[in-house]
Amino acid sequence: MTATKPTQELSDAGVSIWLDDLNREHIVSGGLQKLIEEKNVVGVTTNPTIFAAALARGESYSGQVAALAAAGAEAAEAVLEITARDVAAACDIFRPVYDASNGFDGRVSLEVDPGLAHDTQATIEQAKALHAKVDRENVLVKIPATAEGLEAITETIAAGISVNVTLIFSIERYREVIDAYLAGLEQAGQAGLDLSRIHSVASFFVSRLDTEIDSRLTAIGTGEALALKSQSGVANARLAYGVYEKAFSTARARRLLEAGANRQRLLWASTGVKDPSVPDTLYVVELAAPGTVNTMPAKTLEATFDHGVVRGNTIAGSYAESARILDAVAAAGVSLADVTGLLEKEGIEKFAVSWDELCGTVSAALAQHRQVAGTGADPLPAAAATAGRLPSGKVHIDGPKEGA
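Final position of the sequence shown in the UniProt record's numbering is 404; the numbers increase by one with none missing.
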């Protein structure tokens with residue numbers, strides 16, 4: 001009898017494994033399909049950093065970039081076309097998983113421009129435009145959990161669009177995200193929409209919290225402080241799961257669930273370890289619980305598949321100890337509120353930089369193809385790359401489907 005692989009054991013424990021990576025080579029080569037068949041991958045998440053890396057090294061994009069250059073596309077429009085094609089193609093690959101799981105898995109995420117993170121109305125408009133452009137039932141539109149993003153989450157859910165709420169670091173903000181989701185469901189129900197077709201995940205970031213808190217504990221330098229390193233991320237996430245359990249047991253949530261609505265599942269993000277002294281599967285095996293999603297970078301997925309030790313539900317019964325750890329971190333002199341506020345700000349800024357890099361890469365490629373084709377068109381200036389935001393109200397959403 002063949003031993004069960006850790007990824008299968010993780011799935012059996014109720015954890016959905018999503019890959020935190022997407023590129024066209026992986027799509028066309030069959031590599032993504034192979035991960036579904038062999039390593040229990042049932043979804044994909046993307047972000048500007050992932051697409052920037054894919055475009056920078058991917059020859060698979062050359063033909064589409066050439067066509068976009070010939071059509072006179074600007075950088076922002078080309079980025080939309082390129083990323084939407086990849087996401088649509090991945091959605092098609094995952095469609096059987098989507099159907100088999102009644103819409104919970106088989107999902108592929110596409111993020112709104114992070115430069116709009118503090119602009120509620122522009123985020124709403126672009127979320128709708130991205131959803132229409134990809135034109136697949138199993139796409140998730142990613143919206144950052146900024147204060148301004150909360151209303152955008154509600155309005156997008158109310159429109160019947162499934163949402164991946166990203167960049168959640170604090171328990172307090174997570175509670176607000178749940179409230180925004182439930183409010184959106186209530187509005188969708190009042191509008192007569194089928195609540196069973198609306199899904200959402202709340203992406204709670206883990207390793208980034210440890211990185212920042214550990215640096216502060218190291219600076220404090222006491223034995224008590226150093227003994228707390230590499231524990232805050234898991235403790236914070238486990239307490240978030242406790243919030244999830246309570247929030248979807250309230251009378252308000254039960255009314256919606258009875259009307260056909262779905263729970264907004266917790267998704268563990270930032271699960272690649274940053275500290276080489278801790279196990280490389282730390283944020284996978286220590287956060288296993290029913291109804292969760294773990295989106296893993298390729299390296300973390302491989303580590304889990306190779307040597308992950310899955311022990312079933314590792315969150316149950318952990319709340320008191322998790323609270324004790326965070327209380328001890330605070331007593332050592334580290335403000336969790338200060339850390340999570342900083343991480344949200346830095347997260348938006350980092351994705352915005354990656355977005356600009358993505359636009360810059362595409363801008364340079366368009367210019368190169370135009371020169372090669374001898375069109376006489378001037379290369380896009382560098383400013384077009386750094387200012388290359390997706391136009392919230394000017395996105396072309398018609399035309400043939402891409403990636404079908």
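No residue lacks a Cβ here, since even glycine has one placed at the ideal position from N, Cα and C. No experiment lies behind these values; they were computed from the predicted model shown.
- Using a Cβ distance threshold of 8 Å, Val139 and Val163 do not count as a contacting pair.
- Remark: C-beta atoms of Thr281 and Thr295 do not approach each other more closely than 8 Å.
- In this structure, the alpha-carbon of Val177 lies about 8 Å from that of Ile153.
- Judged by DSSP secondary structure, Val163 falls within the beta strand (DSSP E) whose first and last residues are Val163 to Ile168.
- Straight across, the Cα-Cα distance linking Ile124 with Val165 is about 13 Å.
- By the Cβ-count criterion, Asn102 is exposed, with fewer than 16 other Cβ atoms from all chains shown falling within 10 Å of its own Cβ.
- The alpha-carbon of Gly360 is positioned some 12 Å away from that of Phe51.
- In terms of Cα proximity to Trp355, the closest of Ser277, Leu116 and Val334 is Leu116.
- A direct Cα-Cα distance of roughly 13 Å separates Thr146 from Ala202.
- With respect to Thr156, Gly184 sits close: the two C-beta atoms are nearer than 8 Å.
- The DSSP-derived three-state label of Ala202 is strand.
- Each of Ala237, Ser215 and Tyr241 was checked against the Cα of Ser335, and the nearest Cα belongs to Ser215.
- Partner residues in a beta bridge of Pro297, as assigned by DSSP, do not exist.
- Note on geometry: alpha-carbon atoms of Ala3 and Ala251 lie some 44 Å from one another.
- According to the DSSP secondary-structure assignment, Gly43 is paired through a beta bridge with Arg107.
- With a cutoff of 8 Å on beta-carbon distance, Glu25 and Ser62 are scored as not near each other.
- Around the beta-carbon of Glu286, 16 or more other beta-carbon atoms lie within 10 Å, marking it buried.
- With fewer than 16 neighbouring CB atoms inside 10 Å of its own CB, Asp99 falls in the exposed class.
- One alpha carbon belongs to Gly333, the other to Lys246, and they sit about 30 Å apart.
- As a beta-bridge residue in DSSP terms, Val141 pairs with Leu110 and Val163.
- His131 has its alpha-carbon roughly 10 Å from the corresponding atom of Gly160.
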